[in-house]
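Chemist:
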Amino acid sequence: MSAALADGSIPVLQGSALKDRRGQWRQAFARQRGNQAPSNRKLIVEIGCHLGLTLNQMAENHHDADFIGMDITFKRVVTAAERAVRQGHSNVATILGNARAMDAIFADGEVDGFIIFFPDPWLKRAQSKNRLVDQKFAALLATKLSPGGFVWMKTDQEIYFNEASEAFVGAGFKPTEPVDFFAGRIYESTFERRFRLQGLPPHGGQWQKPLNGRMC
Ligand SMILES: C[S@@+](CC[C@H](N)C(=O)[O-])C[C@H]1O[C@@H](n2cnc3c(N)ncnc32)[C@H](O)[C@@H]1O
45 MSAALADGSI
55 PVLQGSALKD
65 RRGQWRQAFA
75 RQRGNQAPSN
85 RKLIVEIGCH
95 LGLTLNQMAE
105 NHHDADFIGM
115 DITFKRVVTA
125 AERAVRQGHS
135 NVATILGNAR
145 AMDAIFADGE
155 VDGFIIFFPD
165 PWLKRAQSKN
175 RLVDQKFAAL
185 LATKLSPGGF
195 VWMKTDQEIY
205 FNEASEAFVG
215 AGFKPTEPVD
225 FFAGRIYEST
235 FERRFRLQGL
245 PPHGGQWQKP
255 LNGRMC
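If you use our numbering, the sequence shown corresponds to residues 45 to 260, in order.
1) For histidine 247, which residues in the same chain have their Cβ closer than 6 Å to its Cβ, ignoring the five residues on either side in sequence?
2) Less than 8 Å between the CB atoms is what I'm expecting for alanine 211 and glutamine 179, so what's the real figure, rounded?
3) Identify the residues that DSSP records as bridge partners of phenylalanine 111: which are they?
4) Would histidine 133 and glutamate 104 qualify as a contact pair, given that the criterion is a beta-carbon distance under 8 Å?
5) Should methionine 114 be listed as close to ligand 1, given that the test is whether its C-beta is under 7 Å from any heavy atom?
6) Between glycine 257 and the rest of its own chain, which residues show a CB-CB distance below 7 Å, the 5 nearest in sequence each way excluded?
7) Would you tell me roughly how many angstroms separate the C-alpha atoms of isoleucine 112 and aspartate 164, rounded to the nearest one?
8) Can you have a look at glutamine 144 and say buried or exposed, based on whether 16 or more other CB atoms are within 10 angstroms of its CB?
9) Give the DSSP bridge partners of lysine 218, in chain order.
10) Going straight from the alpha carbon of alanine 128 to that of arginine 120, what length do you get?
11) Between Glu236, Gln250, Leu62, which lies nearest to lysine 218 when the distance is taken from Cα to Cα?
12) So is valine 213 buried or exposed if we call it buried at 16+ other beta carbons inside 10 Å?
13) Given threonine 220, which residues of its chain have a CB within under 6 Å of its CB, disregarding the five upstream and five downstream residues?
14) Would you call the CB atoms of leucine 140 and serine 233 closer than 8 Å?
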C-alpha cells in the first residue's frame, strides 16, 4: 500500500504533498484529467469523509465538479481513495488531515462548498469543547469559500445543530433552502443510515456566504 500511496495510484495527499496545492486545486484536477488549462469547475470539500461513500456518490453524480474528501483517520481516507480509484473517478482527491488546519491547504475563496455530515458529536458535557463546528471554525470556512459558496451540515444531535447554526449565522452566513447544485438529492451518509435504523432523525441545514462576499 505504501508504494501505491507514494506513486499516487491511491490518491491520498498528506503533509508535504499538500504544500503546492494551496490555491492550485483546479490546476491539479485539470492535470489529473490530462488538461493543461485550469477550469472554473466547482470545488466541493467533504470534511470527515470517512470511507468515501458520500464523496464518491457526489463525484458520480457531478462529472462537472471536483470533490476533495478530508479525514483525520488514515485507514478511512485510504479506503475513500481506493473507492474513488475502483469507481474510476477522475474528479476526486483525498486528504489525510485535520480540517482545523485547512488554512494551509486551501487559499481564501478557493472552495465552493463544504459538506460536514455527522461530525463527531462529543456527547459528554466536558467534551463539547472538542466539537469541530464552532464560531472559529465557521469563520474559517467563510474565509475559504467563494462568494455564494455553501456549507451543508447534518448531525444526529439537535443541540449540536442549534449551536452550529448559531455559529454559522454569527460568522455571517445566511441559512438557505437546499442549494440547486445537489438537485434535491439527500445523500444519506453511513452514519445517517445507522441513526435512521435506530429511529434517530437527522438535523441538517445549509448556509450560504453572501454573494457580495461580505460576512457582516
Ligand atoms: C461520525 S464520523 C461521520 C462520517 C461520515 N461523514 C458520515 O456521515 O457517515 C466523523 C468523521 O470525521 C472524521 N474527523 C473527525 N475530526 C476530524 C477533523 N478535525 N478533520 C477531519 N476529519 C475529522 C472522523 O475520522 C470520522 O471519519
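Beta carbons are placed, not taken as given, at the ideal position from N, Cα and C, and that holds for glycine.
Modeler: On the basis of the data shown:
1) Numbered from its first residue, the sequence shown carries residue 247 at position 203. Excluding residues within five positions, the ones whose Cβ falls inside 6 Å are Thr199, Glu202, Phe205.
2) Within the sequence shown, residue 211 is the residue found at index 167, counting from 1. Within the sequence shown, residue 179 is the residue found at index 135, counting from 1. Right, their Cβ atoms sit about 5 Å apart.
3) Along the sequence shown, one-based indexing puts residue 111 at 67. Answer is Ile88, Val136.
4) By 1-based counting over the sequence shown, the position of residue 133 is 89. By 1-based counting over the sequence shown, the position of residue 104 is 60. Cβ atoms of histidine 133 and glutamate 104: closer than 8 Å.
5) As a working note, residue 114 is residue 70 in the sequence shown. Yes, the Cβ of methionine 114 comes within 7 Å of a heavy atom of ligand 1.
6) Here residue 257 refers to the residue found at position 213 of the sequence shown. Result list for glycine 257: Pro191, in chain order.
7) The residue given as residue 112 occupies position 68 in the sequence shown. The residue given as residue 164 occupies position 120 in the sequence shown. Distance between the alpha carbons of isoleucine 112 and aspartate 164 is about 19 Å.
8) Position 100 of the sequence shown, counted from the start, is the residue given in the question as residue 144. It is arginine, not glutamine, that sits at residue 144 in the sequence shown. It is exposed - the Cβ of arginine 144 has fewer than 16 other Cβ atoms within 10 Å.
9) If you number the sequence shown from 1, residue 218 lands on position 174. Paired residues: Gln252.
10) Taking the sequence shown and counting its residues from 1, one reaches residue 128 at position 84. Taking the sequence shown and counting its residues from 1, one reaches residue 120 at position 76. Between alanine 128 and arginine 120, the C-alpha separation is close to 13 Å.
11) Position 174 of the sequence shown holds residue 218. Nearest of Glu236, Gln250, Leu62 to lysine 218, Cα basis: Gln250.
12) Position 169 of the sequence shown, counted from the start, is the residue given in the question as residue 213. Classification of valine 213: exposed, given that the 10 Å Cβ count is below 16.
13) Position 176 of the sequence shown, counted from the start, is the residue given in the question as residue 220. Once the five neighbours on either side are set aside, the close Cβ partners of threonine 220 are Gln250, Gln252.
14) Start at 1 with the first residue of the sequence shown, and residue 140 comes out as number 96. Start at 1 with the first residue of the sequence shown, and residue 233 comes out as number 189. For leucine 140 and serine 233, no; Cβs fall outside 8 Å.
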